[in-house]
Amino acid sequence: MQSKWLLLLPQVALFSVISLQLAPRVADCSNNTTIRCIDEEREALLSFKQSLVDEHGFLSSWGSEDNKSDCCEWIGVYCRNKTHHVYALDLQDGSLKLKGTILSPSLRKLQHLTYLDLSDNDFSGIPIADFIGSLSSKLRHLDLGWAGFAGSVPPQLGNLSNLQYLNLGYNDLLSVGNLLHWLYHLSSLRYLHLGHNNLSNSNDWPLVVYKLSSLTTLILEGCDLPPFFPSADDPLHLNSSKSLEFLDLSENNLTSSVYPWLFNVSSNLVELGLSSNLLQGSIPDAFEHMVSLQTLFLYSNELEGGIPKFFGNMCCLNELVLCSNQLTGQLFEFIQNLSCGCAKNSLESLDLSANAVTGPIPELGGLSSLKSLYLGGNRLNGTINQSLGRMYKLEKLSLGGNSLTGVISEDFFSNTSNLKNQIDWLDISNTGISDTIPDWFWDLSRKKLSFLNLSNNQIKGKLPDLSLRFDTY
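Residues are numbered in my numbering as their position in the sequence shown, beginning at 1, plus a constant of 725.
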């Protein structure tokens, strides 16, 4: 799930669990020529630079010349104000990627390092060096995501016993054994991102949550996880995690056999990603007991049957994505359930597109908190309900690809004119428009509108020149 998650990539809220921020450098006003950098640490950094290919000059401030001798002033290097020891090394830069084939182990000399970020670089398929596991015992934050690493995950990473944040996502790593073989010792870990690596041999992945009791975020998206079939020896009888809040298991071909584990894994889940799996049958009622859930991604599965009533009673629900399934039933009934429950006060994004939901578009005014509504690609009929015009917060609307009929006249646009300052994504293709479009409608593109689809209608009149406002197709 792209996060869409957390997609995923790390959100600001998730960084807060580390309670480590890169402090700004503070100038020494008493003596501007004072060199704060510790010689041994400067040499270690220069040695590490020598093992990198810096095609864009990202590390041009690193050098042994007199005017570059203070490593505490180098790009990406952070020193303690009192001790002058290097405590953080942040070499992430999406536009100026570093490269390298053999990384120097000189970083081991940075004995006070607590933060290391080598993410979003291009290390051309080299393995993660074993020496990473022998870095400072004080290391709390390690980010190697999107860096082009390949090969097996070195078990030496388990030596970093004080790690709270570990991101190995979006590499080409292969776990040749059980995850707990090296994760077991990382008892302080709060954030773990292993997404888009090959964990097909890691049969113990469901046990990670139970062993890492401090974990708040677990991302295993696109990991080719092996099927999970609970046995009598699995700890499903244990108390669920009190800490886990964010869980992403998208793109793993998981089947409904994962449900017994899933519904016991945590009592405090806030965000759950199960998209692009092989979940079948109806949506289980057990989701109702995830009372803290704010975001639920179930798109691109094989779910069928009606949309459960209990979603209306999930008082924290903010985003519900059920698109690309085989869900059926009347849209009216589902909207009524949402409008009558506490979810109407919290729900901001609803995506039911690409299902088999039927009926006319009902009164929607009860969902006044909605900012995004996707109903395209269903079997809806009738005309567009005028209540859309009273949804003052609506920014994204998709109704295309249904069987809507009738004439959408200028009266409709007049009644919905309060949307024109808010809407930024609009798909009303194949919605039976058979009249002229009022002039003010085209002014949307001068404001927020970034996407517009009016195809497969019978629009009359002369269209304005939109080439300067949109990329037209």
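We put the CB at the ideal spot given by N, CA and C, even for glycine. Values in this document were obtained by computation on a predicted structure and should not be read as measured data.
Span of the beta strand (DSSP E) holding residue i?
i, result
"E1044", "E1044 to V1046"
"P951", "Here P951 belongs to no beta strand (DSSP E), and DSSP marks it neither H nor E."
"F773", "Here F773 belongs to no beta strand (DSSP E); instead the alpha helix (DSSP H) covers D764 to Q775."
"P1085", "T1083 to P1085"
"K1121", "K1121 to S1123"
"N1106", "R1104 to G1107"
"F971", "F971 to D973"
"Y812", "V811 to D815"
"V802", "V802 to C804"
"L917", "Y916 to H918"
"N892", "Y890 to N892"
"G1097", "First, the residue type needs correcting, since residue 1097 is Ser and not Gly in the sequence shown. Looking at the DSSP string, the run of the beta strand (DSSP E) that includes S1097 is S1097 to Y1099."
"G998", "E996 to G998"
"G1157", "Neither: G1157 is in no beta strand (DSSP E) and is coded neither H nor E."
"D818", "From DSSP, D818 is part of no beta strand (DSSP E); its letter is neither H nor E."
"A1030", "Inspection of the sequence shows that residue 1030 is occupied by Gly rather than by Ala. Note, G1030: beta strand (DSSP E), E1027 to G1030."
"Y840", "Y840 to D842"
"S685", "Residue coverage of the chain in this structure runs from 726 to 1198, which leaves residue 685 outside it and unanswerable."
Do residue j and residue i come within 7 Å of each other at the CB atom, strictly closer than that value?
i, j, result
"T941", "E970", "yes"
"I1060", "P1087", "yes"
"A875", "D855", "no"
"H921", "Y895", "yes"
"S1000", "Y1024", "yes"
"L950", "L924", "yes"
"D1152", "N1127", "no"
"D847", "G873", "yes"
"S772", "S831", "yes"
Please look up how many angstroms separate the CB atoms of residue i and residue j, rounded, as I've assumed it's under 8 Å.
i, j, result
"T1083", "G1107", "Rounded, the Cβ-Cβ distance is 10 Å, inconsistent with contact."
"E1027", "E1073", "Going by Cβ atoms, the distance from E1027 to E1073 rounds to 27 Å, so no, they are not a contact pair."
"L919", "L882", "With a Cβ gap of about 11 Å, L919 and L882 do not count as contacting."
"D779", "L823", "6 Å"
"L885", "L864", "5 Å"
"L1018", "M1039", "6 Å"
"E1120", "S1154", "Contact doesn't hold; Cβ gap of about 18 Å is too wide."
"L1077", "Y1099", "7 Å"
"D929", "N892", "At roughly 21 Å, the Cβ-Cβ gap does not stay under 8 Å, so D929 and N892 are not in contact."
"L1042", "L1003", "That belief does not hold up - the Cβ atoms of L1042 and L1003 are roughly 24 Å apart, past 8 Å."
"Y984", "P1009", "6 Å"
"L943", "S912", "15 Å between Cβ atoms; not a contact."
"V811", "L838", "6 Å"
"L998", "F1036", "The residue you asked about is not Leu; residue 998 is Gly in the sequence shown. Contact flag wrong, Cβ pair sits at about 17 Å."
Could one say the Cβ of residue i lies closer than 7 Å to chain D's Cβ atoms, at least one of them?
i, result
"N884", "Annotation note: the requested chain D is absent from the structure, which comprises a single protein chain."
Grab the span of the alpha helix (DSSP H) containing residue i for me, first residue to last.
i, result
"H866", "Counting along the chain, H866 falls outside any alpha helix (DSSP H), though it belongs to the beta strand (DSSP E) covering H866 to D868."
"N1062", "L1056 to C1065"
"Y935", "V933 to K936"
Nearest to residue i by CA position, among the options, is which residue?
i, options, result
"I1148", "S1159, L1122, W1167 and I1158", "L1122"
"L914", "S849, D868 and T759", "D868"
"G1031", "E780, N1050 and T839", "N1050"
"S829", "H781, Q817 and K774", "K774"
"E1029", "H1014, A1079 and V983", "A1079"
"L845", "S862, L838, P852 and D815", "The question names Leu, yet the displayed sequence has Asp at residue 845. Per the Cα distances, D815."
"M1116", "G850, G1091 and S927", "G1091"
"K967", "S991, S982, L1177 and T980", "S991"
"L1095", "G902, G1157, L997 and A1068", "A1068"
"R805", "T826, L777 and L835", "L835"
"L1105", "L974, Q1183, Q1111 and G1125", "G1125"
"H781", "N1182, R767, G1157 and L821", "L821"
"G788", "S1093, F1176 and E768", "E768"
"F988", "L974, E996 and M1015", "M1015"
"H866", "L1047, D842, Q1005 and V1046", "D842"
With H, G and I counted as helix, E and B as strand and the rest as coil, what does DSSP make of residue i?
i, result
"Q746", "Residue confidence is low: Q746 scores 47 on pLDDT, short of 50, so the model does not pin down where it sits. No coordinate-derived value is stated."
"K1187", "coil"
"H906", "helix"
"D897", "strand"
"C797", "helix"
"W871", "coil"
"Y984", "helix"
"N923", "strand"
"N756", "With a pLDDT of only 47 at N756, under 50, the local geometry of the prediction cannot be trusted, and the value read off the model is given with reservation. In this structure, N756 counts as coil in the three-state DSSP scheme."
"E944", "Residue identity differs from the one stated: residue 944 is Ile in this sequence, not Glu. Strand."
"S1112", "helix"
"L1021", "strand"
"L1092", "coil"
"N1199", "Nothing can be reported for residue 1199: it is not among the residues displayed for the chain, which extend from 726 to 1198."
"D791", "helix"
"S992", "coil"
"V751", "In this prediction, V751 scores a pLDDT of 44, lower than 50, which makes its location untrustworthy; the coordinate-derived value is nonetheless stated afterwards. Residue state, collapsed to three classes: coil."
"F1176", "strand"
"L882", "helix"
"D1149", "coil"
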